[in-house]
Amino acid sequence: MKPIITLTMNPALDVSTSVDKVVSTHKLRCSGVRFDPGGGGVNVGRVIERLGGGAVTLYAVGGPMGEVYRGLLETELDGAQPIEIDGNTRQSFNVNEESTGKEYRFVLEGPKWQEKEWQGALDRVEETLSEGSYLVVSGSLPEGVPDDFTARVARLAKKKGARCVVDASGASLEAALDEGVFLVKPNKRELRDLTGEDLDSREEQEEAAKRILEDAGAQVVVLSLGGDGALFATTDEVFHLPAPEVEARSAVGAGDSFVAALVLRLADGGSLADAGRYAVAAGAAALLSEGTEMCRAEDVERLYRELLS
Ligand SMILES: Nc1ncnc2c1ncn2[C@@H]1O[C@H](COP(=O)(O)OP(=O)(O)OP(=O)(O)O)[C@@H](O)[C@H]1O
Ligand SMILES: [Mg+2]
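Using my numbering, the letters of the sequence shown map in sequence onto residues 18 to 326.
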């Protein structure tokens with residue numbers, strides 16, 4: 018098994034609760050509250066451990082909210098390694114409206130970073146990477162961190178002989194593709210923003226993926242298509258895997274669960290086709306869990322076995 022490292026620059030403390038109906042003016046008496054340490058790479062690290070693997074999970078943390086975040090994460094995740102910052106870790110507030118089943122998700126502003134802080138984060142990444150390791154960079158970048166930060170991380174990965182996996186959007190994704198990475202996992206909206214095309218047909222989706230491969234933006238392009246599964250492309254093969262049908266409770270965490278399973282299998286020497294099957298199983302499994310809960314291992318294994326049969 019190759020080592021896996023995940024990097025989360027902008028984690029959020031997820032605060033989740035339920036209320037009968039969301040209305041203005043009145044106090045909304047909520048029932049139940051749950052705190053989860055959220056953020057792209059952190060979620061990937063949590064799912065990898067759940068699936069029996071291990072990852073070094075580098076995450077930025079600071080301030081009083083960061084203390085809470087850290088306490089929650091460290092009890093759950095063996096591989097959690099904080100990158101200390103001056104600012105206060107942000108919060109994300111999720112409300113499940115019971116009368117409609119709708120989810121409302123409020124993302125609060127996060128801390129603004131100083132240059133010395135993000136330079137320090139790059140140093141931490143460099144120290145942690147080793148030849149042949151997988152580095153998953155996932156989630157948004159905080160204010161004050163330059164758009165080419167992920168590209169700088171990708172450059173470090175190349176220098177160290179590591180494989181950089183990017184799950185990002187917008188300018189950060191674009192810069193990473195200019196630098197060149199091992200694998201990118203845009204969803205349809207993220208790839209559409211990048212190419213300016215609607216990507217509704219499979220042909221258009223394949224063309225867009227092939228262009229990234231030709232431009233050497235990535236060696237593997239995985240386009241996730243929500244309930245339509247995912248498209249996998251390398252210079253040797255292009256294939257689509259449909260998503261297992263599940264009764265969706267909450268779509269939160271599908272992308273991160275997908276990436277975790279994909280990278281875990283690849284790091285274990287699995288083929289892209291097999292890692293892809295494991296990934297669509299994990300993405301679908303995430304939908305079976307309530308709220309901010311990630312996928313459960315038993316759901317992933319069951320859905321994966323069904324895909325094999
Ligand atoms: N409705 C669904 N039914 C079955 N599987 C799903 C469904 N939605 C998502 N998935 C699985 O999860 C994967 C990732 O989902 P999606 O394409 O929505 O990623 P995303 O937009 O990056 O998600 P996120 O919002 O969590 O970042 C899909 O490729 C698919 O395998
Ligand atoms: Mg996503």
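Note that the Cβ used here is the ideal one computed from N, Cα and C, for glycine as well.
- Roughly how many angstroms separate the alpha carbons of A265 and A233, rounded to a whole number? 36 Å
- Message: Would you say the beta carbon of R328 is closer than 8 Å to some non-hydrogen atom of ligand 1?
- Response: Here the chain has residues from 18 to 326 only, and residue 328 is not among them.
- Task: Assuming G246 contacts V297 (C-beta within less than 8 Å), just tell me the rounded distance between them.
- Result: 6 Å
- Query: Between the beta-carbon of S116 and the beta-carbon of G55, is there less than 9 Å?
  - Reply: no
- Message: Taking 9 Å as the threshold (C-beta atoms), are V124 and R107 in contact?
- Response: yes
- Closest by C-alpha distance to V154, when choosing among L30, G293, E160 and F166: F166
- Same chain only: Cβ atoms within 7 Å of L208, ignoring 5 sequence neighbours per side: L216, A225 and L240
- Hey, would you say the C-beta of G197 is under 8 Å away from at least one heavy atom of ligand 2? no
- Message: Going by beta-carbon coordinates alone, are L211 and A179 separated by less than 9 Å?
- Response: no
- Task: Might you give, ordered along the chain, the residues of its own chain that have their beta carbon closer than 7 Å to the beta carbon of D316, omitting 5 neighbours on each side?
- Result: A302 and L305
- Query: Can you tell which of Q236, D273, F199 and S326 has its C-alpha closest to the C-alpha of L173?
  - Reply: F199
- Task: Rounded to whole angstroms, what's the CA-CA distance from A138 to Q131? Just pull it up for me.
- Result: 11 Å
- Task: State buried or exposed for F275, treating a residue as buried only when at least 16 other CB atoms are found within 10 Å of its CB.
- Result: buried
- Considering only C-alpha positions, which residue in the set P81, G197, E93 and E66 is nearest to K176? G197
- Could you check how far apart the C-beta atoms of L8 and V182 are, in whole angstroms? I think they sit under 8 Å. No statement about residue 8 is possible, as the shown extent of the chain runs from 18 to 326 and does not include it.
- Integer-rounded CB distance, given that G96 should sit under 8 Å from T74: 5 Å
- Out of R313, R322 and E120, state which residue places its alpha-carbon closest to the alpha-carbon of D37. E120
- Message: Please give me, in chain order, every unbroken run of the beta strand (DSSP E) with length at least 3 that falls completely inside the stretch 209 to 250.
- Response: 235 to 241 and 247 to 250
- Message: At a threshold of 8 Å, does D285 count as lining ligand 2 (C-beta to nearest heavy atom)?
- Response: no
- Task: Can you give me the Cβ contacts of D195 inside the same chain, cut-off strictly under 8 Å, excluding the 5 residues immediately before and after it?
- Result: A168 and G234
- Item | Beta carbon of K202 nearer than 9 Å to that of G272 | yes
- Query: If you count every other CB in all the chains shown that lies within 10 Å of the CB of Q222, and 16 or more means buried, which is it?
  - Reply: buried
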